[in-house]
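First up is the structure itself, then whatever we jot down about it.
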Amino acid sequence: MYNVMSPRAEEFISDEEIQSSLSYAEQNKNNREVIERILEKASEMKGISHKEAITLLDCEIEDLNERIYQLAEAIKQEFYGNRVVMFAPLYLSNYCINGCKYCPYHLKNKNITRKKLTQEDIVREVTALQDMGHKRLALEAGEDPVNNPIEYILESIRTIYSIKHKNGAIRRVNINIAATTVDNYRLLKEAGIGTYILFQETYHKESYLELHPTGPKHDYDYHTTAMDRAMEGGIDDVGVGVLFGLDKYRYEFAGLLMHAEHLEAAFGVGPHTISVPRLRNADDIDADSFTNGIDDDTFAKIVACIRIAVPYTGMIISTRESQKVRERVLHLGISQISGGSRTSVGGYYEPEPEDEKSEQFDVSDTRSLDEVVRWLMEMDYIPSFCTACYREGRTGDRFMSLCKSGQIQNCCHPNALMTLKEYLMDYASPETKTIGDKLIEREVLNVPNEKARAVVTENLRYIEQDNRRDFRF
Ligand code: SF4
Ligand code: SF4
């Protein structure tokens, strides 16, 4: 029985509800009247239900599909402007006791080199990340209570926040670790994490059980209710996602939005971010052996429809995707991207030797952070290294209410310009700096509030002339 408020996974991700929503969408995919009505509601930019969103996803009427893309772009523009927040993943350890069939870190893989960063390694890696210009990290670790206990994760977070190298600092650490207990979530919150990220991988229970044959992750219910426990432990910024390619994308899309609806209904705050990874090749993983892969057009439509369904939720795309695909979906709704990423354990300080293999997946976009920043600016995006909200205590419902009132725009745009300026001063190549300085000059004029514009202009001068850092709204 479907119950959006229920604490039970099978009730808030009800298979029956998904099936009935999918068949409604199937029946109405050519129904102009229904789709126009949904679009009208969506154009208020307050979001739509999973059932309505799937109907848009399925829509086969060409001119209405055009309107769907235009609306996604308009929402992206309204809420995120031309800003793109930058981050990098840091893999702490690839020891893992789970048996996930799509990930080379699964327990039985003997080809892969198992590694775990020591605190000294972390200092080296994070110093290298700071020297690239990163301010925001996503920590990744396999599930292994012996090798990667919660104490190790907490110690690593403390180490990362303590490293101050030249003008560098990691100002926000997001965490992507296995589903855990309320007590452990509380400890993560106390350690000052930004977002807790956990991908569902697939919402289809039967497929989930088959794809996770062994290890604690086999427990679908425990995994699916992880965000509820995180919220209970005081973490109010959570990031959800599925791995597209594992099961049918329509099912996953519905599950993802129902999960967001559940968090909003039960805790008053929806997910902070949604990630949209697609299955990639990796050490002993052949993505082609999975039959549910999606093409680039379908992927773009998924991004657009998520943007329409949950306007206040950030959307993340990683270097799994090529430059071309990233370019296409950026204007449809993506608000955060990684750059210069290594998906091996270590590898920022020193590239991994040829005979060692510890990556989780093959990277498609292999450009440096400087190249990614330049590329974004050449397309008139503002790469942003902003981490202000979390540091100002604007998390959870405080963040969401600011978003919903539209006031967040008065923070994001100035912060993007000031953090970009820091990047240009400290890390950019001369060519990138020239392009960036011109961009900032133009974009300062777009700070709507006159007083704020004056403050930003002054702070930009402090950053350039007085070597001062870390201004924020
Ligand atoms: S997906 Fe996560 S839990 Fe599964 S094998 Fe990989 S690291 Fe382990
Ligand atoms: S002001 Fe807040 S929402 Fe805006 S970019 Fe910075 S951290 Fe994100």
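34 is the number of the first residue of the sequence shown in our numbering; add one for each residue after it. From the three backbone atoms N, C-alpha and C, an ideal C-beta is built for every residue, glycine too.
(1) On the premise that T331 lies in contact with S397, defined as a C-beta separation below 8 Å, what is that separation, rounded to the nearest angstrom?
(2) For T465, which residues from the same chain have a beta carbon less than 8 Å from its beta carbon, with the 5 sequence-adjacent residues on both sides left out?
(3) State the start and end residues of the unbroken alpha helix (DSSP H) segment that holds I307.
(4) Can you check DSSP and say which residues form a bridge with I349?
(5) Do you know whose CA, among L72, E85 and G80, lies nearest E59's CA?
(6) May I ask you to check if the CB of G132 is nearer than 8 Å to at least one heavy atom of ligand 1?
(7) Closer than 6 Å between the C-beta and any heavy atom of ligand 3: which residues qualify, listed along the chain?
(8) Going straight from the alpha carbon of R311 to that of F277, what length do you get?
(9) What number of angstroms, rounded off, separates the C-alpha of R375 from the C-alpha of R65?
(10) Quick check on this structure: which residue in G426, E389, Y495 and V378 has the alpha carbon closest to the alpha carbon of A121?
(11) Nearer than 8 Å: is that true of the beta carbon of Y253 relative to any heavy atom of ligand 1?
(12) From E49 to Y241, what does the alpha carbon distance come to, in whole angstroms?
(13) From G366 to G326, what distance separates their C-alpha atoms?
(14) List the endpoints of the continuous beta strand (DSSP E) containing R169.
(15) Just to confirm my understanding: we take K334, look at its own chain, exclude 5 residues before and 5 after, and list those with CB closer than 7 Å. What are they?
(16) Quick one: measure Cβ to Cβ for I341 and I145, integer angstroms, because I've assumed they're closer than 8 Å.
(17) Check whether the Cβ of Y135 lies closer than 8 Å to any heavy atom of ligand 1, and answer yes or no.
(18) Since N131 and K250 are thought to touch, with beta carbons under 8 Å apart, how far apart are those beta carbons, to the nearest angstrom?
(19) Ordered along the chain, which non-local residues of its own chain (more than five positions away) have a Cβ less than 8 Å from that of E176?
Once the coordinates are examined:
(1) Actually they do not touch by this definition, with Cβ atoms about 17 Å apart.
(2) Excluding sequence neighbours, T465 sits near D403, V406, R407, M410 and L457.
(3) Note, I307: premise wrong, no alpha helix (DSSP H); beta strand (DSSP E) at T306 to S308.
(4) In DSSP, I349 forms a bridge with S308 and Q369.
(5) Out of L72, E85 and G80, E85 has the C-alpha closest to the C-alpha of E59.
(6) Yes.
(7) What this structure holds is ligand 1 and ligand 2, not ligand 3.
(8) Looking at the two C-alpha atoms, the distance is approximately 5 Å.
(9) Those two C-alpha atoms are separated by around 46 Å.
(10) Ranking G426, E389, Y495 and V378 by Cα distance to A121 puts V378 first.
(11) For Y253, the shortest separation between its Cβ and any heavy atom of ligand 1 does not lie below 8 Å.
(12) Rounded to the nearest angstrom, the two C-alpha atoms are 17 Å apart.
(13) Rounded to the nearest angstrom, the two C-alpha atoms are 21 Å apart.
(14) R169 to A174 is the extent of the beta strand (DSSP E) around R169.
(15) Cβ neighbours of K334 beyond the five flanking positions: L90.
(16) Actually they are not in contact, since the Cβ atoms of I341 and I145 sit about 40 Å apart, beyond 8 Å.
(17) Y135 Cβ: within cutoff of ligand 1.
(18) Right, their Cβ atoms sit about 4 Å apart.
(19) Answer for E176: C129, I130, N131, I210, A211, G248, P249 and K250, listed in chain order.
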